Structures are given as C-alpha cells and as structure tokens.
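Visitor: A single structure is presented below for examination.
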Amino acid sequence: MSRLRHALGLAPILVLAGATFAADRAVAAPSQQKVEPRVEMMASGRIRHPALALRSSTLPLVVELDAPPTAADIARIEAAGATVVRGDSGRVLGHGRRISVEASPSAAAALGGLPGVSGVRFDGPPIRSPRPLDLTASLISADATWRSKVADDGAFLTGSGITICDVDNGVDVSHPMFFRADGGTFQWIDDNDSGALEPDVDTIDLGDGPVPLRMLNGIVRDRRTGDPLWDTEGPTFDSTYDYIYADLNGDGKRNYGVAEGFTEAYPGYGEPMFVLDDVDDSGSLDVGEKLVLLKTSKVKAFRIDGKVYRRGENLIEAPWEDEMLHGVGSSGTMVAGQPGYSKLVGMAPDADLILATDTLGYRQVQMTNFCVDQGARVVLHEYAPWVGYHLDGSSDLEVLIDETSPEGVVHINPAGNLSTSKKLYKHTAAAGATTPISIQAPNDGASYMGLSLLWQDTSRNLDLTLHAPTGTSFTLPLENPQGFQTELEPGILIAGYRQDSPRGTAMVMLYVYSEDGPPVEIPSGTYTLDVTEPAATTADPLPLIAYVQDEVSGWGLGIHFPEDSSEDHLIGWPGTADHGLAVAAFTGHPFDGAKTGERAWYSGRGTRIDGEPILWISAPDNPVVPARFGNSDDIGYMIYGGTSGASPHVAGASALVVQSNPTLTGDGVKEALRAGAVVDDDTGTVPNEDYGYGKLDVYRAIFGEAPPGGAAPVVDNQSFSVLPGPSSVAVVATDVDGDDVVLEADRDYDGVYDETLVDGALAVDLEKDAAALVKVRATDTTGRTDEALVRVSADGVANPDDGDDDGDGPSTEAEDGCCSASGADRPKTPALAAFALLLGVLVRRRTMKR
Numbered sequence: 072m073s074r075l076r077h078a079l080g081l082a083p084i085l086v087l088a089g090a091t092f093a094a095d096r097a098v099a100a101p102s103q104q105k106v107e108p109r110v111e112m113m114a115s116g117r118i119r120h121p122a123l124a125l126r127s128s129t130l131p132l133v134v135e136l137d138a139p140p141t142a143a144d145i146a147r148i149e150a151a152g153a154t155v156v157r158g159d160s161g162r163v164l165g166h167g168r169r170i171s172v173e174a175s176p177s178a179a180a181a182l183g184g185l186p187g188v189s190g191v192r193f194d195g196p197p198i199r200s201p202r203p204l205d206l207t208a209s210l211i212s213a214d215a216t217w218r219s220k221v222a223d224d225g226a227f228l229t230g231s232g233i234t235i236c237d238v239d240n241g242v243d244v245s246h247p248m249f250f251r252a253d254g255g256t257f258q259w260i261d262d263n264d265s266g267a268l269e270p271d272v273d274t275i276d277l278g279d280g281p282v283p284l285r286m287l288n289g290i291v292r293d294r295r296t297g298d299p300l301w302d303t304e305g306p307t308f309d310s311t312y313d314y315i316y317a318d319l320n321g322d323g324k325r326n327y328g329v330a331e332g333f334t335e336a337y338p339g340y341g342e343p344m345f346v347l348d349d350v351d352d353s354g355s356l357d358v359g360e361k362l363v364l365l366k367t368s369k370v371k372a373f374r375i376d377g378k379v380y381r382r383g384e385n386l387i388e389a390p391w392e393d394e395m396l397h398g399v400g401s402s403g404t405m406v407a408g409q410p411g412y413s414k415l416v417g418m419a420p421d422a423d424l425i426l427a428t429d430t431l432g433y434r435q436v437q438m439t440n441f442c443v444d445q446g447a448r449v450v451l452h453e454y455a456p457w458v459g460y461h462l463d464g465s466s467d468l469e470v471l472i473d474e475t476s477p478e479g480v481v482h483i484n485p486a487g488n489l490s491t492s493k494k495l496y497k498h499t500a501a502a503g504a505t506t507p508i509s510i511q512a513p514n515d516g517a518s519y520m521g522l523s524l525l526w527q528d529t530s531r532n533l534d535l536t537l538h539a540p541t542g543t544s545f546t547l548p549l550e551n552p553q554g555f556q557t558e559l560e561p562g563i564l565i566a567g568y569r570q571d572s573p574r575g576t577a578m579v580m581l582y583v584y585s586e587d588g589p590p591v592e593i594p595s596g597t598y599t600l601d602v603t604e605p606a607a608t609t610a611d612p613l614p615l616i617a618y619v620q621d622e623v624s625g626w627g628l629g630i631h632f633p634e635d636s637s638e639d640h641l642i643g644w645p646g647t648a649d650h651g652l653a654v655a656a657f658t659g660h661p662f663d664g665a666k667t668g669e670r671a672w673y674s675g676r677g678t679r680i681d682g683e684p685i686l687w688i689s690a691p692d693n694p695v696v697p698a699r700f701g702n703s704d705d706i707g708y709m710i711y712g713g714t715s716g717a718s719p720h721v722a723g724a725s726a727l728v729v730q731s732n733p734t735l736t737g738d739g740v741k742e743a744l745r746a747g748a749v750v751d752d753d754t755g756t757v758p759n760e761d762y763g764y765g766k767l768d769v770y771r772a773i774f775g776e777a778p779p780g781g782a783a784p785v786v787d788n789q790s791f792s793v794l795p796g797p798s799s800v801a802v803v804a805t806d807v808d809g810d811d812v813v814l815e816a817d818r819d820y821d822g823v824y825d826e827t828l829v830d831g832a833l834a835v836d837l838e839k840d841a842a843a844l845v846k847v848r849a850t851d852t853t854g855r856t857d858e859a860l861v862r863v864s865a866d867g868v869a870n871p872d873d874g875d876d877d878g879d880g881p882s883t884e885a886e887d888g889c890c891s892a893s894g895a896d897r898p899k900t901p902a903l904a905a906f907a908l909l910l911g912v913l914v915r916r917r918t919m920k921r
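Encoded structure:
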C-alpha cells in the first residue's frame with residue numbers, strides 16, 4: 072500500500088510549554104460553536120506534515136443554514152469572500168439546508184458569523200484512509216438477470232438507461248472495456264487462407280486498402296507483486312482478455328488520444344478497436360464471423376478536482392494517474408465489457424458511468440451532490456475511513472445520504488477491511504477511576520498516529536493524559552473549543568480537539584506526528600492513554616470506543632490496540648448512515664486459497680457504535696477487472712479484492728433493480744436486495760453481523776425466485792444449397808430441457824435481430840452463384856440463448872467468405888453524428904482519413920434514410 076499523501080491537517084491554536092501538563096479538575100466539554108474545530112485548525116495552516124496539511128488554496132466546506140438557502144443567503148456567503156459551488160445549470164450544489172462552499176482561510180472564519188448560518192464544517196476526512204481494497208457475476212445471478220427483459224419496453228436488464236456514480240479516485244477512459252460494441256460489424260480478410268483470424272497476418276479494408284489487424288495483449292497481474300498470472304502475457308490470442316485493433320499507420324502499436332491527433336469524434340478515441348463476434352464460442356474468429364467496432368464510451372462524465380470531462384465534448388482529454396487504479400477496478404466491476412461478445416462483463420454493462428474524484432481526498436459531500444445533480448440513481452462511495460468521525464449517522468454526508476434516499480437514490484458503501492487489524496478498542500470505564508488504553512506503535516516507519524476516542528454521553532467529561540514510549544506525558548486541554556497543538560517532545564508534536572455530535576456522541580480527536588519538514592518516524596513502542604472518569608463512583612460505567620490509524624499499515628496491523636481490541640464496530644464511514652447500504656465481502660474466486668462463499672477474513676463487520684444493525688448484505692470479492700491501458704502492457708487487468716471488490720457488485724445489481732422498477736426509492740432498492748438475499752450454511756441465521764441479510768442475488772431481488780435451471784438451447788452452424796430464386800431452408804435448434812425455442816434472424820449480420828423465423832423457416836431469394844450469410848439466435852423460455860451462422864448458396868455454390876459484405880466497410884450504418892470527423896484535427900495517415908470519411912458517409916446515409 073502506498074503511503075497516504077494528504078489528508079485534513081491541523082494547526083496550532085493553543086501552544087503549551089513543557090512536556091507535561093497537569094490538570095487538577097475534570098475538563099469540561101468545549102462550548103459548541105458554529106465553525107467546527109477542524110476548520111479553525113486547518114485555516115491557520117501551520118502544520119506542514121505532508122500527510123496532514125491542507126493541500127489546496129481553498130477549504131472545501133459544508134455550510135448548514137437555519138432553513139433551505141435563499142438568494143439572500145447565497146449573496147451573503149459570496150459577499151464574505153466564499154464561493155458557492157454550482158452544477159451545470161447554475162443550481163447550487165447542495166441538499167436541504169446544507170450547501171457546498173469553497174472558501175479561503177479568512178473567509179472560512181467569517182462564515183460562522185453570518186445571519187442564518189448554523190454550522191460550518193470541513194468537507195473531507197481528518198486523515199485520509201486507504202481505499203477498501205485488498206465467475207463473480209454468476210455468484211450473484213447477474214448473468215441470469217441479463218437474459219431477462221423489462222416488461223414495459225422489452226429491453227434486457229443490463230442497466231440500460233441507468234446512471235451509476237462512483238465516488239472514487241478516477242478511471243482510465245482509454246481502456247477498451249469501457250467502450251460499447253455499438254460501432255457496427257466488419258468483415259476481415261483471411262490473407263493466408265487459414266480459416267481463422269491471425270493477428271499480424273490478416274488485414275481489414277476500411278476504405279483505403281488493407282491494413283494490418285493486431286492484438287492488444289491483455290495481461291492479468293498480481294497487484295502486490297506485479298507478476299503476470301495464468302500465462303496471460305503469452306503471444307497467443309486469448310479472447311477472454313485480448314482485443315483486436317486496426318494498425319492504420321502500420322507502426323506496430325495502437326495510437327490513441329489527443330497526443331496522437333485524435334478527438335472526441337473518433338470511435339474508441341483512437342485507431343479502431345474491435346471485439347470478436349465469436350458466434351460458435353470457439354475462442355477464435357472463424358471465416359464468416361465478424362469484428363465488432365468499439366465506439367461509444369460508457370463514461371458519461373468524469374469530474375476531477377472540480378473540472379468535468381464529458382462524453383461527446385472533451386472526455387478524451389481526461390487525465391490519467393497511476394493512483395486511479397482503484398477507481399478503474401470499481402468501475403470495471405460495475406459496467407465493463409461488451410455483453411454478448413466479451414467474457415468479462417460488469418454487473419450492469421449497459422449503464423452509464425459517472426466518476427467523481429478529488430485528488431486531495433476531500434469534498435465527499437460536494438462530489439455526492441454532483442452525482443445526484445447529474446441524475447445518478449446509484450452512488451457508490453468507495454471509501455470507508457474510521458478515524459475522526461462520530462460514526463453515529465449524524466455527519467453531513469450521512470444526512471445527505473438519508474435525505475436523497477426517499478428521492479430514488481441508493482447509496483452503496485463498503486464496510487471496509489478492518490477485521491483482524493486490532494484498530495478498534497472497546498472497554499467500559501469505571502466511574503471515578505482511571506482506565507489505561509495501550510496503543511502499540513511498531514517500528515515500521517510511521518510518521519504520524521491518529522486516534523479518535525468516542526463515548527455516547529456528552530455530559531460526561533473525561534481527563535485524558537497520553538504517555539509516550541520515551542517517558543514524556545501530556546494531559547489534553549480539551550476545554551479549548553478551537554483545539555490545541557504543542558510539542559510532545561523534541562521533533563514530535565501533539566494536537567487535538569473535542570467535538571460532540573447532534574446525536575450525543577462525544578469525540579476526542581488526537582494526532583501525534585513529526586514536526587515540520589520531511590516526515591520522521593514517531594517513537595515506536597507502547598503509548599498509554601489514561602482515561603479518567605471523574606464522576607462519582609455511583610455513576611454508571613462509561614463504554615469507551617477508540618480507533619487508531621497510521622499512514623503505513625493501511626488496513627493491516629500496524630499501530631494497534633494490543634489489549635481490549637474488538638470486532639464489534641468495524642463498518643467505516645459513511646456506511647454508518649441510517650439509509651445507506653453497507654456491504655460485507657465473501658470470497659468470490661478462491662485465488663488466495665479461501666473457500667468460495669465463506670466470509671472474507673478482512674471484511675468489516677458488526678454494528679454501528681450505538682448498536683444499530685446497519686450491515687445490510689454481502690457480495691463476492693476479487694473479480695478480474697480492468698487495470699491500466701497502454702502502459703507497459705497493451706491492456707492491464709488485475710484481481711480486485713476487499714470490500715471495494717464486493718461493493719461494486721451491489722451497486723451494479725442496484726442499477727438492474729432500478730431498471731426493472733424505476734419508481735423505487737433508495738430504501739425500496741435495499742428492501743428488494745434484502746428480500747432476494749441467499750441464506751446458506753456460510754451465512755447461518757440472518758440478519759447477522761458478518762453477512763447482514765445474506766448473500767447478494769439480484770435475480771431473486773427482481774423476480775422473487777431463484778434463476779431457472781436447465782441448459783441453453785443448441786443451434787449449430789448450418790450450410791444449405793438451394794436453387795436460384797425464392798426458396799426456404801429449415802434452421803434446426805434443439806433444447807435438451809424440452810423448452811420452446813424461438814429462432815430469430817439477423818439477415819444483414821449487423822447485430823440487430825430483425826426477424827422471427829416461424830417453424831425455423833428462413834426464406835431466401837438468391838441469384839445463381841450468389842450466397843447469403845445469416846446470423847441466427849435460438850432463445851428458450853428461460854432466456855438462455857445460442858447463436859450460429861447459416862450459410863445459403865444458390866445452385867450449390869456456397870462461399871462463406873462472401874456474405875453480405877464485400878470486405879471494404881462496415882455492414883451497418885453508424886449512429887447519427889458519433890463518428891463524423893467534421894471540424895476534427897486532420898488525421899495523420901491516409902488509412903485513418905479513409906476510416907473517418909467512411910464513417911461520415913455512413914452517418915449521412917442513415918440520416919437520408921430517415
């Protein structure tokens with residue numbers, strides 16, 4: 072895991088002399104104020120630790136008003152020097168009484184004094200936490216669901232018309248798995264008469280003569296070691312991971328992107344990419360089977376640091392950073408692949424995808440508001456921090472989740488991967504006594520420690536003294552409402568504050584970190600936080616909960632509680648919202664030796680700190696998903712684990728549920744998933760604190776029953792010889808289950824089944840020596856299908872190479888406007904110019920036919 076580079080920082084407000092501060096009374100809770108301590112501390116900007124300091128010129132804030140904002144409220148906020156964040160239409164990004172604001176440090180302080188303002192809070196985590204990362208479609212019955220049609224419009228349940236928003240760290244808009252196979256079918260040229268497509272040997276004619284067809288080699292790598300897996304690095308074409316492209320300029324590599332002269336107008340944003348229409352599932356493309364052009368991006372919009380890249384406008388210009396791999400994986404689990412063609416397919420492959428990213432790790436509320444503003448019905452929050460939050464459902468983001476759920480938005484949240492990490496402490500403090508909390512800091516290079524202590528009675532005030540491994544001690548001056556910062560020992564600082572939540576949870580946030588300059592390791596060894604509860608001994612014992620974090624260990628052991636560690640409350644924020652959907656993980660692929668279906672050993676579990684049972688459902692981890700495109704590998708893939716791998720399954724499944732019933736609220740989607748959850752020997756009695764209500768099964772969620780059993784029908788490739796003129800041939804399909812079978816014909820082999828064959832009769836009308844190549848599909852009553860090519864030749868002359876196409880272009884028209892090159896940069900090669908011209912002609916041809 073890479074080090075955390077940035078997070079919410081602190082600044083010294085109260086500086087105390089000496090290494091030890093003694094208190095002779097119980098420290099009272101700080102008075103409540105409109106501007107939260109984190110904003111005050113951040114605004115001063117005196118901490119320089121790279122993992123804690125503010126890294127932007129403005130502070131992202133949530134401003135809470137006494138009532139929904141009026142024009143006068145907005146004017147006052149902007150007159151104070153702050154910027155109210157707006158969406159595309161100019162509408163203020165916000166919901167209810169809370170709006171998103173960007174402010175300079177000086178303006179942030181002034182906002183609390185404005186009339187009508189009831190709160191000013193930082194929009195970002197106190198410490199940036201690691202992302203929750205550490206076959207699967209069939210495990211949740213997604214493949215059975217795809218075969219089912221929506222009754223109203225006859226569309227298949229693949230997520231079509233639904234927008235999913237992924238709040239994550241980015242996406243690779245160039246990866247072929249994020250394009251739709253909607254660019255038409257193309258015939259290729261079998262140059263060596265081998266009968267099957269051979270990259271680097273065979274060619275395609277796109278209007279300016281043959282150009283080579285080459286392989287984009289897809290390589291699956293181990294995320295930890297970088298080693299290739301399953302021999303995927305080999306030169307042999309593998310249709311599971313590899314794609315084909317047309318090398319228009321003959322330079323032996325696929326050229327793409329703005330730097331290579333391409334614009335938003337070009338299919339796939341570069342030289343043409345194709346997926347195989349492997350009709351007979353042989354793993355290769357036989358003569359007669361066609362290539363399908365990848366054209367339209369599945370990414371509707373990509374917002375990064377406030378700038379939005381949009382499909383059809385400027386998406387091709389979206390940047391790439393290696394840190395975006397996490398978002399590529401989660402997005403791929405939801406929407407990747409080309410259904411009907413590729414073997415690796417996301418849960419809702421026809422859904423539109425929006426990415427919302429903040430490279431500093433801030434602006435979760437602002438990005439969620441953006442998702443809702445863009446029409447997302449499903450929002451996936453791919454983060455699960457645990458330190459610095461009350462974790463009781465009261466934060467601004469949790470409130471936003473709760474308020475938008477009745478409006479039809481379902482929010483999916485990974486539980487996190489804290490199990491076995493010993494980063495949660497739970498113990499009951501006796502009144503009138505001191506309870507020591509031991510914290511073990513290994514010698515692993517950590518340069519800071521973050522600790523939050525929670526208790527659910529804000530009337531109880533505690534004395535807290537931290538003892539460092541070196542022998543220095545410090546009593547926390549928590550009565551200061553702005554927090555504190557001072558030197559714990561030479562080169563090591565301590566800072567913190569107390570903040571109470573609207574739901575009655577008290578939190579003390581404590582930081583120990585190296586002083587300004589390059590980070591140095593904090594002292595390793597055992598820290599002890601003495602918690603003294605000065606209430607009368609007759610008072611009830613006080614339950615204490617604490618969480619700890621560093622920047623080195625991520626979800627692993629690292630800094631931890633060696634005593635009284637607990638597994639009771641390991642669901643990260645904002646999965647703690649009342650109406651969110653918290654997701655646990657069970658083993659999908661048994662790549663690590665675990666048993667498929669059993670609870671993943673790392674998966675977050677338990678209840679909310681108030682005992683509320685918020686863990687909703689479990690889903691499989693470790694799918695194989697896209698990684699980087701065009702780096703050292705032609706196409707990258709990775710195994711995507713953790714609850715980050717599980718949660719996108721639930722997000723994709725939620726899109727299918729919404730497509731089946733668009734009137735559902737967020738809670739309605741949750742209830743459907745609950746009702747369809749599978750209970751088995753692994754889950755035991757549900758609901759429980761490991762699996763929630765059981766294992767995700769989207770087919771059951773939609774149809775209320777298990778997917779139908781049985782086998783798919785069989786229709787084989789068939790050849791017929793007929794006399795010239797009108798005639799009919801009988802296409803034969805069989806079904807071992809005895810189900811009725813419907814046969815359909817795609818006469819033009821353009822990807823559109825436009826004719827139903829009555830009793831399998833395929834009518835043809837051929838001239839002498841002519842031939843026809845027709846694609847047929849057999850569908851049984853369960854929705855299972857099989858496809859085949861039917862070759863018909865007149866007077867016994869059959870030529871499977873010579874179907875409806877003559878080898879010099881696509882067999883279907885492109886969709887309006889997508890591929891027109893008017894106004895685009897001049898292509899660099901004649902072949903590319905011919906390809907663009909051909910697509911433009913096809914666009915005009917279709918327009919004239921309407």
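Residues in the sequence shown are numbered consecutively from 72, following the working numbering. The beta carbon of each residue, even a glycine, is placed where N, CA and C say it ideally should be. Quick caveat: nothing in here was measured; it's all calculated off a predicted structure.
#1: Could you check which residue in I425, V800, V861 and T754 has the C-alpha nearest to that of A722?
#2: When you compare only the Cα positions, how much space is there between A372 and E474?
#3: Using CA coordinates, which residue listed in G755, G359, D681 and G775 is at the minimum distance from D639?
#4: When the Cα atoms are used, what is the spatial distance from S175 to T129?
#5: So if DSSP puts A226 in a beta bridge, which residue, or which two residues, is it bridged to?
#6: So what does DSSP say about E858, is it helix, strand or coil?
#7: Have a look at L744 and G781 and give me their C-alpha separation to the nearest angstrom.
#8: Based on the DSSP secondary-structure assignment, which residues constitute the bridge partners of V163?
#9: Roughly how many angstroms lie between the CA atoms of A816 and V823, to the nearest whole one?
#10: Measure from the alpha carbon of E622 to the alpha carbon of each residue in H631, L615, R325 and I616, then state which is nearest.
#11: DSSP beta-bridge partners for W484?
#12: Which residues in the same chain as R192 place their Cβ atom closer than 7 Å to its Cβ, once the five residues preceding and following it in sequence are excluded?
#13: Indicate the three-state DSSP secondary structure (helix, strand or coil) for H397 in the structure shown.
#14: Restricting to Cα atoms, I'd like to know which of D144, Y327 and L182 is closest to G152.
#15: Do three or more CB pairs link the region 682-696 to the region 652-670 at distances below 8 Å?
#16: At 4 residues or longer, and completely inside the region 439-500: list those alpha helix (DSSP H) runs for me, N to C.
#17: Please tell me whether A422 and G230 are closer than 8 Å, where the distance is taken between their beta carbons.
#18: Here's the rule: buried if 16 or more other CB atoms are within 10 angstroms of the residue's CB, otherwise exposed. What is W457?
#19: Taking Cβ to Cβ, would you say S476 is nearer than 8 Å to T736?
#20: Are at least three pairs of beta-carbons, each pair with one atom in the region 270-288 and one in the region 482-490, less than 8 Å apart?
#21: For T599, collect the residues of the same chain with a Cβ closer than 8 Å to its Cβ; drop the 5 residues on either side in sequence, then sort them by chain order.
#22: From N532 to D571, what does the alpha carbon distance come to, in whole angstroms?
#23: Check whether the region 246-257 and the region 359-370 touch, using three or more Cβ-Cβ pairs below 8 Å as the test.
#24: Would you be able to state if there are at least three C-beta pairs under 8 Å between the region 305-323 and the region 381-399?
#25: To the nearest angstrom, how far is the alpha carbon of A389 from that of I375?
#26: Taking Cβ positions, are N514 and S595 nearer each other than 8 Å?
#27: Under a three-way DSSP split, which group does T754 fall into?
#28: According to DSSP, simplified to helix, strand and coil, what is Q409?
#29: Ordered along the chain, which non-local residues of its own chain (more than five positions away) have a Cβ less than 7 Å from that of R915?
#30: Have a look at S798 and A841 and give me their C-alpha separation to the nearest angstrom.
#31: Please list, in chain order, all residues of the same chain as D601 whose beta carbon is under 6 Å from its beta carbon, the five residues on each side excluded.
#32: Drop a sphere of 10 angstroms on the beta-carbon of R382, count the other beta-carbons inside from all chains shown, and report buried for 16 or more, exposed for fewer.
#33: For A346 and R292, what's the separation of their Cα atoms in angstroms?
#34: Return helix, strand or coil for D264, following the three-state DSSP convention.
#35: Which of helix, strand or coil does DSSP assign to R897?
#36: Starting from the C-beta of K741, find all residues in its chain whose C-beta is less than 7 Å away, skip the five residues before and the five after it, and write them out in chain order.
Guide: In this structure, then:
#1: I425
#2: 24 Å
#3: D681
#4: 5 Å
#5: Partner(s): none; A226 has no beta bridge.
#6: strand
#7: 24 Å
#8: R157
#9: 9 Å
#10: H631
#11: It is Asn, not Trp, that sits at residue 484 in the sequence shown. BP columns for N484 point to A653.
#12: E107, V110, L132, V133 and D467
#13: helix
#14: L182
#15: yes
#16: 467-475
#17: yes
#18: buried
#19: yes
#20: no
#21: P507, I508, S509, I510, L537 and H538
#22: 11 Å
#23: yes
#24: no
#25: 9 Å
#26: yes
#27: coil
#28: coil
#29: Its pLDDT being 31, under 50, R915 is placed unreliably by the model, and the measurement read from it follows with that caveat. So no residue of the chain qualifies.
#30: 13 Å
#31: T505, P507 and T536
#32: buried
#33: For the sequence presented, residue 346 should be read as Val rather than Ala. About 22 Å.
#34: coil
#35: Since pLDDT at R897 reaches only 34, below the 50 mark, its modelled position is unreliable, and no value is offered.
#36: V481, L652 and W687
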